[in-house]
Ligand code: FES
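Residue numbers (my numbering): 313 to 453.
Right, dumping it as C-alpha cells:
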C-alpha cells in the first residue's frame, strides 16, 4: 500500500485498489482518506457514483438481522451480538476476507416467527445461536 502514498488523485487510487483486490472495503476507504487527506464521504461518493467501483466483492454474502421490536423481544439482539462476535465485525461492516457483510434492519414483516435473519437472500425464522454455528461458520464465513 506504500504506492498509495504517492497517489493524490482519488480516481487513480480507487483504480489502483480495484486492480489489486477487486473491491474497496471500508478499511481501505479509510486508509485512502487518511493518506490523501480527502474526506471519507468523498471516497464513498466516488465509489457510489462509478459502477466499476464496489465496496464488496461479488461473492459477499449479506447477513441481515432484524432488529425490530418483535424480533428483539424474542432474542434478536442476542443473535445480532453473537453474529458480530463470530464474524468479528460490527453492523455495517464487511469481514476482512470480504465474504460476509452484516447489516441490521427493522422488521421483515415476519415478527411472529422471530428472531429473523436473512442470509444471502434466504430467510431464517426462529433463529437461534445454535443455528449460528452451522450457518455462519460453515456456509458464510
Ligand atoms: S420485528 Fe423482526 S420481523 Fe418484525
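Every residue, glycine too, gets a C-beta built ideally from N, C-alpha and C.
query	result
Determine the DSSP secondary structure at residue 390, reduced to helix, strand or coil.	helix
By Cβ distance, which residues of its chain are closer than 7 Å to residue 425, with the 5 residues on each side in sequence left out?	437 and 438
Find out if the Cβ-Cβ distance for the pair residue 345, residue 323 is shorter than 8 Å.	no
Hey, out of 337, 444, 443 and 433, whose CA is closest to residue 373's CA?	433
Starting from the C-beta of residue 340, find all residues in its chain whose C-beta is less than 7 Å away, skip the five residues before and the five after it, and write them out in chain order.	329
Answer yes or no: do residue 395 and residue 377 have a C-beta to C-beta separation smaller than 8 Å?	yes
To which residues does DSSP link residue 413 through a beta bridge?	374 and 406
CA-CA distance, residue 393 and residue 402?	9 Å
Where does residue 317 land, buried or exposed, given buried means 16+ other C-beta within 10 angstroms?	Here residue 317 scores only 49 on pLDDT, less than 50, and its place in the model should not be relied on; the value that follows carries that caveat. It counts as exposed.
Go ahead and label residue 334 buried or exposed: buried means 16 or more other beta carbons lie within 10 angstroms of its beta carbon, across all protein chains shown.	exposed
Thinking just about the alpha-carbon of each residue, which of 367, 391, 444 and 353 is nearest to the one in residue 416?	391
Beta strand (DSSP E) containing residue 434: first to last residue?	434-436
To which residues of the same chain is residue 407 closer than 8 Å at the C-beta, ignoring the five residues directly before and after it?	399, 400, 401, 413 and 453
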